[in-house]
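Undergrad: This is the structure I have questions about; it appears just below.
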Amino acid sequence: MSIAPPLLVLDARLVDPATGTERMGDLLAVDGVIAAIGTGLSGACPAGARIVDARGRMLAPGLVDMRAFVGEPGAEHRETLASASRAAAAGGVTTVVCMPDTNPPIDDPAVVDYLVRRARDTAVVRLIPAAALTKGLAGREMTELGLLREAGAAYFTDGAKSITNAQVLRRAFTYARDVGALIVHHCEDPDLVGDGVMNEGELASRLGLHGIPREAETIMLERDLRLVRLTGGRYHAAMVSCADSIAVIARAKSEGLDVTCGVSINSLTLNENDIGPYRTFLKLSPPLRHEDDRIAMVEALAEGLIDVVVSDHNPQDVETKRVPFAECADGAIGLQTMLAAGLRLVHNGEIGLMTLLRALSTRPADILGLPQGRLAVGAPADLILLDPDEPFVLDVADLHSKSKNTPLEGARLQGRVHMTIVEGRVVHDIA
Amino acid sequence: MTASVTSPLFPHRHLLGIEGLSARDITILLDMAEDAIEVSRQVEKKKSTLRGRTQINLFFEASTRTQASFELAGKRLGADVMNMSVASSSIKKGETLIDTAMTLNAMRPDLIVVRHHAAGAVHLLARKVDCSVINAGDGAHEHPTQALLDALTIRRNKGRIHGLVVAICGDILHSRVARSNIILLNALGAAVRVIGPSTLLPPGIERMGVEVFTDMKKGLTGADIVMMLRLQRERMNGSFVPSVKEYFRYFGLDAEKLAYAMPGALVMHPGPMNRGVEIASDVADGAQSLIREQVEMGVALRMAVLEALASHLPNG
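In order, the protein sequences belong to chains A and B. The numbering used here numbers the first residue of the first sequence as 49 and each following residue consecutively. The numbering used here numbers the first residue of the second sequence as 276 and each following residue consecutively.
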């Protein structure tokens, strides 16, 4: 990509979650990075600059999503890097980590290299592949963590799969520590999940569906953290979904382990009751839990026990979703709606705006070791211009994803991204 | 060499490990080996120190070079040497090992050289026989004659061991060679480093008198001696390290990494080598390599060990 021309945003409400500050002012981006932040920058406007009048709208760092399934290579009919990136741009997400659950899986440096180049050529936001932790996502042999990292892998994970063999995980943690790699694990014991398709409890029993106990998550999380205690190294629990997991994470953090965790936007904003009449778009992994669990997630986010919010974007099509609930695939799309869904919590007074934005930009960037996620001179000019109060009704026709499995169809939302800027280039503009 | 050098100077009946040997014990063996080198370089490679003695090489684990080296050492000293290779699969561990030992003991050998896949097996056997026992490698525990021959090779090339920086690289976790070398080199005053991925480093290794590195280039910086270890094939593909390609990239000794060591640093390998896995061919065959010399020193060193122990045998 060629270098974008200078971009000057005037009269914006500058919100920087990295410092927790906001003020009115201007921002100048040159050569893809933030060159100046202040007032009266219009006087110092470089020749050929594009000038955007924010008219008092909020300018914040672009969002960094640590977890999205894309489908390229292997399932391009559900989503390509290009379509995912357009959905991300429309949702204010400027950096997306793509899961390795592709066909072939991202377990070889050559595949990482392919994806990095393919994203560069076809995507409008930054897409970074995560690499598989085990070969073929089979949970048995570790991948080439060093070479994959050199090729550009963001971190290591078996994506939607959990690794049951503790010896495999121990050695992988140990090896990853040497090469400084971050391991991200989806904690959901497949044996305890068994035939389960939703949260275990009264509702599942009423619906006649097999339940997934919270212990499927907590047992694996406890085990992982004990292994981290043994091996050292950096560990991130991909998504927690229940109150018990928060206690486990809190203990590990208080011990000083280098541990972080995420929560899916779905677990933060929905609960099992939303499944209603067997709505398959709400069959997720981890499953939507009880309202008490959801409240615990929100509180943990506010306290900083949960570090990041992820979209867990997972495009599924008619073949995989228009089937009986118990037989359908897990997952919902979320790149385009994550911010608006999260703002529901802000508007409801459940969480502060700064806390939400931090968990959507600064924290994930820090965990990934990326310089974005902040309004600071020298940081990448990855920005969003938004009106956090503007109402709209989610029309499926407006979704950029190739797949339309959103749990928010027809939902009334508040908070609209007017413009998305990646590396100083406008990639989404509703004007 | 003269017979007087041997006798009571080496105060041990068995050689079960480097552990328990003093610096003086080690130096005596190295000095005796210097004399043995001369014997092996003559046309008539023969002495009579062990004439009439019976040496049994009892190998529960396949070995070509160590067994051949002990066989030649015994024969050059005039002993009657018998090789017994016992397929480990047919052995039912402890009890049968002792039965084997008792059976052999009844045949009245003077020296038994034992290799076994289980750590501690040689010690067990030594308690059950009347003759001298030499450990030719027990599991991941010790391989004392390898460490001694390595020391001999270093001393002949560097003139000393004290004060040298020796880096032992690779699969430390499974290596008896590494353990024996760490003990011996510490006893003689070298500074020992181990280098490998953490998955191949035994827990607590830093308390064995070594400096631990997981970065090869850092670990090699300033090293006088680079000892490479063999990586077993079954450990290469994702169990302990991700792949041969990645292992060679980060831990294989090639010219680029060797350049971080001292100029003229010497390269060693106990063999058999995996070229392109732990060591590049040009380094293995290069001017800094002592790998072939190690093999020659092996025979001489083992002659020295056999002679030293024989001096304690009845009628010795």
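Backbone N, C-alpha and C fix where the C-beta goes; we use that ideal spot for every residue, glycine too.
(1) Assuming A/L129 contacts A/I469 (C-beta within less than 8 Å), just tell me the rounded distance between them.
(2) Of all the options B/L372, B/D374, B/A536, B/G349, which has the alpha carbon lying nearest to the alpha carbon of B/L386?
(3) Between the region 226–240 of chain A and chain B, which residues of the former have CB atoms less than 9 Å from a CB of the latter, in chain order?
(4) Anything in chain A within Cβ reach of B/S518, meaning under 7 Å, just list it in chain order.
(5) Looking at C-alpha atoms only, which residue of A/A445, A/L349, A/A220 is the closest neighbour of A/V232?
(6) Would B/G484 and B/I457 be called neighbours here (beta carbons separated by less than 8 Å)?
(7) When you compare the CB of B/S514 with every CB in chain A, is at least one pair closer than 8 Å?
(8) A/V288 lies in the beta strand (DSSP E); which residues open and close that run?
(9) Just the C-alpha distance for A/A424 and A/V57, rounded to the nearest angstrom, thanks.
(10) Excluding five sequence neighbours on each side, which residues of the same chain lie with their C-beta closer than 6 Å to the C-beta of B/E294?
(11) Excluding the 5 residues flanking A/K301 on each side, which residues of the same chain have their C-beta closer than 8 Å to its C-beta?
(12) Report yes if the CB atom of A/E320 is closer than 8 Å to the CB atom of A/N247, and no otherwise.
(13) Would you mind giving the Cβ-Cβ distance between A/A374 and A/L196, rounded to the nearest angstrom? I have them listed as a contact below 8 Å.
(14) Return no unless some Cβ of chain A is closer than 8 Å to the Cβ of B/Y525.
(15) Does the region 111–131 of chain A come close enough to the region 354–363 of chain A to have 3 or more Cβ pairs within less than 8 Å?
(16) Output the boundary residues of the alpha helix (DSSP H) element that contains A/R103.
(17) Going by other Cβ atoms of all chains shown within 10 Å of its Cβ, with 16 needed for buried, is B/Q342 buried or exposed?
(18) Within 8 Å (strictly less), CB to CB, does A/T212 reach chain B?
(19) Between the Cα of A/I154 and the Cα atoms of A/R168, A/Y203, A/R392, which residue gives the shortest distance?
(20) So, with DSSP's three-state summary, where would you put A/R370?
(21) What residues match up with A/L73 in a beta bridge as DSSP calls it?
(22) Strictly by DSSP, which residues pair up with A/P177?
(23) To the nearest angstrom, how far is it from the Cα of B/R505 to the Cα of B/A465?
(24) Relative to chain A, which residues along the region 450–476 of chain B have a C-beta separation below 7 Å, given in chain order?
(25) Compare the beta carbon distance of A/G91 and A/G73 with 8 Å and say whether it is the shorter of the two.
(26) Could you spell out the range, first to last residue, of the alpha helix (DSSP H) harbouring A/D113?
(27) Can you list, in chain order, the residues of its chain with a C-beta nearer than 7 Å to that of A/A83? Leave out the 5 residues immediately preceding and following it.
(28) Run through DSSP, which three-state label would A/I294 get?
(29) Could you check whether the Cβ of A/L217 sits closer than 8 Å to any Cβ belonging to chain B?
(30) Who are the Cβ neighbours of B/T474 in its own chain at under 7 Å, not counting the five residues just before and after it?
(31) Which one or two residues does DSSP pair with A/Q215 in a beta bridge?
(32) 8 Å is my cut-off, CB to CB: does A/T222 come that close to chain B?
(33) Run down chain A in chain order and give the residues with a C-beta less than 8 Å from the C-beta of B/T489.
(34) Across the region 428–442 of chain B and the region 399–419 of chain B, are there enough close Cβ pairs to call them in contact, namely three or more that are closer than 8 Å?
(35) So, does the CB of B/E481 fall closer than 8 Å to a CB anywhere in chain A?
(36) Give me the Cα-Cα distance between B/A298 and B/L427, rounded to the nearest whole angstrom.
TA: Well, looking at it:
(1) No, A/L129 and A/I469 are not in contact; Cβ-Cβ is about 19 Å, not under 8 Å.
(2) B/G349
(3) D226, V227
(4) E192
(5) A/A220
(6) yes
(7) At least one C-beta of chain A is nearer than 8 Å to the C-beta of B/S514.
(8) Note, A/V288: premise wrong, no beta strand (DSSP E); not H, not E.
(9) 14 Å
(10) I458
(11) V307, L353
(12) yes
(13) No, A/A374 and A/L196 are not in contact; Cβ-Cβ is about 36 Å, not under 8 Å.
(14) yes
(15) yes
(16) Taken as a continuous stretch (DSSP letters only), A/R103 belongs to no alpha helix (DSSP H), as it is neither H nor E.
(17) Classification for B/Q342: buried.
(18) Not one chain B Cβ lies under 8 Å of A/T212.
(19) A/Y203
(20) coil
(21) One point to set straight first is that residue 73 of chain A is Gly, not Leu, in the sequence displayed. Note: A/G73 sits in a beta bridge opposite A/A60.
(22) A/C146
(23) 22 Å
(24) P472, S473, T474
(25) no
(26) Element bounds for A/D113: not the alpha helix (DSSP H) but the beta strand (DSSP E), 111–116.
(27) Sequence-distant partners of A/A83 (beyond 5 residues in either direction) whose C-beta falls short of 7 Å from its own C-beta, in its chain, are L76, A77, V425.
(28) Three-state DSSP puts A/I294 in a helix.
(29) no
(30) F515, V516
(31) Under DSSP, no beta-bridge partner is assigned to A/Q215.
(32) yes
(33) D226
(34) no
(35) no
(36) 13 Å
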